[in-house]
Structures are given as structure tokens and as C-alpha cells.
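In UniProt numbering, the protein residues as written are 1 to 143. Before any comments, here is the structure.
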């Protein structure tokens with residue numbers, strides 16, 4: 001009889017417990033929310049885009065936003081700024097990072113069903129690599 005009573009108590013405790021909270025509420029900001037605000041003087045300025053550390057940072061933020069699915073438009077903005085930063089920091093020489101950022105930018109456009117915007121970005125990524133310089137550039141053209 002004691003075992004039966006304990007089982008009933010446990011069953012009632014389990015049935016009256018609140019549902020577990022989701023790991024991340026949709027109302028809470030993502031970890032990158034507000035990191036790169038539109039029109040920010042820190043990341044949007046002409047001199048900030050010349051910083052060689054900005055492109056990789058923005059590309060990582062864009063990638064994290066894509067993976068989390070939180071804000072594809074913020075991911076698009078970050079990828080666009082990353083591509084611009086890589087282009088400015090390349091000193092006129094083709095950059096594998098620039099090509100990869102263009103591929104990510106085009107992929108985000110496609111995920112947002114903005115196919116007309118993705119086509120010129122992909123065409124530009126094909127024109128960037130110089131086949132004679134290094135094999136990694138040739139590989140980037142076919143990625």
C-alpha cells in the first residue's frame with residue numbers, strides 16, 4: 001500500500017509540474033542582436049571597413065545567425081559588410097576570403113528567395129579568382 005501511495009504522489013508531482021522552459025525564448029534577443037546596428041559609426045564607417053579583423057568577425061556573426069535561424073536579414077547585412085571589408089583589405093589582389101564571403105552572401109540571398117540579387121554576386125565571385133596565381137583560387141572558382 002505504501003508503494004502505491006508513493007507512486008500516486010510521484011505521478012501527481014510529475015503531472016502538476018510546469019512544462020520546461022524552452023532553451024531560448026523567441027522574445028529574447030539573440031547573442032548577436034545589436035552587435036552591428038544599421039548605420040553604426042563603429043562598423044559601418046569607411047575606416048572601420050579597412051580593418052583586416054572586421055571581415056572575419058562579420059563573416060562569423062553572419063554564419064552564427066544563419067545557423068541559429070534568428071535573423072536572416074541581419075546575416076545578410078553582416079555578410080555584405082564582410083565582403084566589402086575583405087574587398088577593401090585585399091589591396092587589389094584576389095582574396096580567397098573575399099570569394100568565400102561572396103558565396104555566403106549569395107547563399108543568404110537564395111535562402112531569402114532573392115535569386116535576382118544572388119546571381120550578380122555569384123558572377124562576381126567567379127570573376128575574382130586568378131587561376132595562374134595559386135591552386136586555392138582555382139578551387140574557389142568552382143566552389
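Even glycine gets a Cβ: it sits at the ideal position worked out from N, Cα and C.
By the 10 Å Cβ neighbour count, where 16 or more other Cβ atoms means buried, how is residue 68 classified, buried or exposed?
-> On the chain shown, position 68 is the one that residue 68 refers to. Exposed is the call here.
When the Cα atoms are used, what is the spatial distance from residue 82 to residue 112?
-> As a first step, residue 82 is located in the chain shown; it is residue number 82 there, counting from the start. As a first step, residue 112 is located in the chain shown; it is residue number 112 there, counting from the start. Going from the Cα of residue 82 to the Cα of residue 112 covers about 18 Å.
Please classify residue 60: is it buried, with 16 or more other beta-carbons within 10 angstroms of its beta-carbon, or exposed?
-> Counting from 1 along the chain shown, the entry for residue 60 is found at position 60. Here residue 60 is exposed, its C-beta having fewer than 16 other C-beta atoms within 10 Å.
With residue 93 as the anchor, note down where its alpha helix (DSSP H) starts and where it stops.
-> Here the question's residue 93 lines up with position 93 in the chain shown. Neither: residue 93 is in no alpha helix (DSSP H) and is coded neither H nor E.
Going by CA-CA distance only, name the one from 105, 78, 76, 125 that's closest to residue 94.
-> As a working note, residue 94 is residue 94 in the chain shown. Closest by alpha carbon: 125.
Could you please give the first and the last residue of the uninterrupted alpha helix (DSSP H) stretch that includes residue 61?
-> As a first step, residue 61 must be located in the chain shown, where it is residue number 61. First-last of the alpha helix (DSSP H) with residue 61: 54 to 68.
How should residue 55 be labelled, buried or exposed, when 16 other C-beta atoms within 10 angstroms of its C-beta is the threshold for buried?
-> Stepping through the chain shown from its first residue, residue 55 is reached at position 55. Label assigned to residue 55: buried.
Three-state class that DSSP yields for residue 121 in the structure shown = Your numbering for residue 121 matches position 121 in the chain shown. DSSP places residue 121 in the helix class (H, G or I) of the three-state scheme.
Please report how far the alpha carbon of residue 100 lies from the alpha carbon of residue 79, in whole angstroms.
-> Residue mapping note: residue 100 aligns to position 100 of the chain shown, counting from 1. Residue mapping note: residue 79 aligns to position 79 of the chain shown, counting from 1. Computed Cα separation, rounded: 10 Å.
Taking DSSP as the reference, what is the three-state secondary structure of residue 77?
-> Residue mapping note: residue 77 aligns to position 77 of the chain shown, counting from 1. In the three-state reduction of the DSSP assignment, residue 77 falls in the helix class, which pools H, G and I.
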